[in-house]
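Participant: Read left to right, the sequence shown gives residues 29 to 428 (our numbering).
Quick one: the structure is below, and I'll ask about it shortly.
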Amino acid sequence: MTVHGVVLPGPVIRNPLLRFPRPTRPRLLLSPPALAGTELDRLRATLESGWVAPAGPTPAAFEAALAETTGFTDVLATTAGTAALHLGFRVLGVAPGDEVWAPTLTFVATVAPAVQMGAVPRFLDATGPGGTLDPGLLAEELSRAARRGRLPRVVVPVDLYGQCCDLDAIGTACERWGVPVLCDSAAAMGSLGRGGQHAGRGARLAAFSFNGNKIVTTGGGGALAADDPALIARARALAGQAREPAAHYQHETTGYAYGLSSVLASLGLAQLPALPERVARRRAIFAAYAAGLGDLPGLSFLTEPNWGRSNRWLTVALIEPAAFGADREAVRRALDAAGVESRPAWKPLHLQPAFRDAPYSGGDAAAALFDRGLCLPSGSTMTPAEQARVIETVRACARR
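Right under this line is the structure:
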């Protein structure tokens, strides 16, 4: 299909599971789940094995497949990406009153578990590549914190919308002061950072999500990964209610029911082989948006540094109202009227009422990205006609 002289990529991924009822979707969703085609076979094998709990061969096989995909030596599959972050905070020793630092431009789950543990969040502006944490700002703030004698317990950078943060530089800044890094790579499965390393590699721990809107999904689930078997062993014990090895139920501390079920792990095993194809598809969708909208004054996109490769989980357009002729919200409403879901970029956490008293460092870069940023539909199964609908609607806003 050609729109304004731009040939839109054909759908690389289709839903081959004709045995599943195919839902009608009159509304174009932001990032609906895509099925790989082997889910039923995997589910059947799991059910026939008798294993449905978070134990047995299927979760172990999924963890091994994740380790092979990401390059981490040790992986724990969890009930959610938030659960993985919670376990990460726990094994890194976060305690009430500790500071946990994170970029302000992120989803609330990045810091919510730490706050619920009694930690104090400090937010930093988003002036790094693609709106991620700025290593220079982080280094400055760590030096100030060291002089105050108040270093954070953990720094939690975020791979924003699939774009890897500059983890090498962030790690260098934190290593100087002995501060561990827990990377929130929830949306970055399949993304690459410096040196071609998978998202999250280089952090002490990394957390991933397999929520229904992610590029690889188990319907709900996550993973905690590290190149440190002791850390993951500790997290695994906590994820299993912290039961000590004994014939009876023995507990030296309390834990959680955070292990991923065999049923959901079987979905993950079906999904992972499709990851390279899905990354290629989402990057093609971004390229088509850039070609179809890039000539419009006042419209640009979040950048990708030349040292990394984003999975382009979501394409984020940036709209300058004076040059474009409409603001982000007007475009969002026009898309909504056309039956297209879009969403503003993350509202910075330091502007959220829940964190009104949290300390903040930086300027207004994150706030500007929120004001200007709009996430466009980027699902792996989006057709050329559906993408053309989005492009035409956005272009119409610019002509008004």
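In this text, a Cβ means the ideal position worked out from N, Cα and C, and glycines have one as well.
These figures come from a predicted structure and were not determined experimentally.
(1) Run through DSSP, which three-state label would ASP126 get?
(2) On the premise that VAL139 lies in contact with ARG181, defined as a C-beta separation below 8 Å, what is that separation, rounded to the nearest angstrom?
(3) Could you tell me the alpha carbon to alpha carbon distance between LEU56 and ARG417, rounded to whole angstroms?
(4) In angstroms with no decimal places, state the Cα-to-Cα distance between LEU321 and LEU346.
(5) Which residue's Cα is closest to the Cα of TYR317: PHE329, THR132 and PRO325?
(6) Provide the residue(s) that pair with PHE352 in DSSP beta bridges, ordered along the chain.
(7) Closest by CA to VAL244, which one among VAL359, ASP399, PRO301 and ARG222?
(8) Please state whether DSSP places VAL207 in a helix, a strand or coil.
(9) Under 7 Å Cβ to Cβ from THR132, same chain only, skipping five residues before and after it: list those, please.
(10) Residues in its own chain within less than 8 Å of THR100 by CB, not counting five upstream and five downstream?
(11) To the nearest angstrom, report how far apart ARG311 and LEU324 are at their CA atoms.
(12) With a Cβ-Cβ cutoff of 7 Å, do PRO163 and ASP194 count as a contact?
(13) Measuring CA to CA, which of ARG172, PRO412, TRP341 and TYR284 is closest to PRO61?
(14) Per DSSP, what kind of secondary structure is ASP212 in: helix, strand or coil?
(15) Could you pull the DSSP bridge partners for ARG455 from this structure?
(16) Pick helix, strand or coil for ARG53, following the three-state DSSP scheme.
(17) So, at 6 Å on beta carbons, what are the nonlocal neighbours of GLY84 in its own chain, with the 5 sequence-adjacent residues on each side left out?
(18) Using the Cα positions of MET217 and THR98, report the straight-line distance between them to the nearest angstrom.
(19) Could you give the distance in angstroms between the alpha-carbon of ARG264 and the alpha-carbon of HIS114?
(20) Whole angstroms is fine: what's the gap from ALA231's alpha carbon to ALA424's?
(21) Starting from the Cα of GLY199, find the closest Cα among GLN191, LEU161 and GLY190 and give me that residue.
(22) Three-state secondary structure (DSSP) at VAL344?
(23) What is the DSSP secondary structure of TYR388, reduced to helix, strand or coil?
(24) Using DSSP bridges, identify the partner residues of GLU272.
(25) Give every residue of the same chain whose Cβ lies closer than 8 Å to the Cβ of THR134, excluding the five residues on either side of it in the sequence, and list them in chain order.
(26) Output yes or no for whether 7 Å exceeds the beta carbon distance between ASN241 and SER59.
(27) Tell me, please, which residues DSSP counts as bridged to GLY401.
(28) Count the other CB atoms, across all protein chains shown, that sit within 10 Å of the CB of TYR286; report buried if there are 16 or more and exposed otherwise.
(29) Please classify LEU75 as buried or exposed, where buried requires at least 16 neighbouring CB atoms within 10 angstroms.
(30) My guess is that SER294 and ALA108 are in contact by the Cβ rule of under 8 Å, so how many angstroms apart are they, rounded?
(31) According to the Cβ coordinates, are LEU288 and PRO87 closer than 7 Å?
(32) What is the DSSP secondary structure of GLY158, counted as helix, strand or coil?
(33) What does the Cβ neighbour count give for GLU169, buried or exposed, with the cut at 16 atoms within 10 Å?
(34) Looking only at its own chain, which residues have a Cβ that is under 7 Å from the Cβ of GLY268, when we skip the five neighbours before and after it?
(35) Just curious, the alpha helix (DSSP H) that PRO149 is in, first and last residue?
(36) Taking the straight line between their C-alpha atoms, what separation do you get for ALA382 and LEU68?
Facilitator: The answer reads as follows:
(1) coil
(2) That pair is no contact at about 12 Å.
(3) 9 Å
(4) 11 Å
(5) PHE329
(6) BP columns for PHE352 are empty, so no partner.
(7) PRO301
(8) coil
(9) PHE151, LEU152, ASP153, ALA154, PRO376, LEU377, HIS378, TYR388 and ALA394
(10) Residue identity check: residue 100 is Phe in the sequence provided, not Thr. For PHE100, where only same-chain residues beyond five positions count, the Cβ hits under 8 Å are LEU94, HIS226, GLY228, ARG229, ALA234, ALA253, ALA254 and ASP255.
(11) 20 Å
(12) yes
(13) TRP341
(14) strand
(15) As displayed, the chain neither begins before 29 nor continues past 428, which places residue 455 out of reach and without an answer.
(16) Low per-residue confidence applies at ARG53: pLDDT is 49, beneath 50, and the placement is therefore not dependable enough to give any value.
(17) SER290
(18) 8 Å
(19) 12 Å
(20) 44 Å
(21) LEU161
(22) strand
(23) strand
(24) GLN278
(25) VAL186, LEU188, ASP212, TRP374 and LEU377
(26) yes
(27) LEU346
(28) buried
(29) exposed
(30) With 8 Å as the limit, SER294 and ALA108 do not qualify as a contact, their Cβ atoms being about 17 Å apart.
(31) yes
(32) helix
(33) buried
(34) GLY283 and GLY287
(35) Where PRO149 is concerned, there is no enclosing alpha helix (DSSP H), although the beta strand (DSSP E) it sits in stretches over 148–152.
(36) 42 Å
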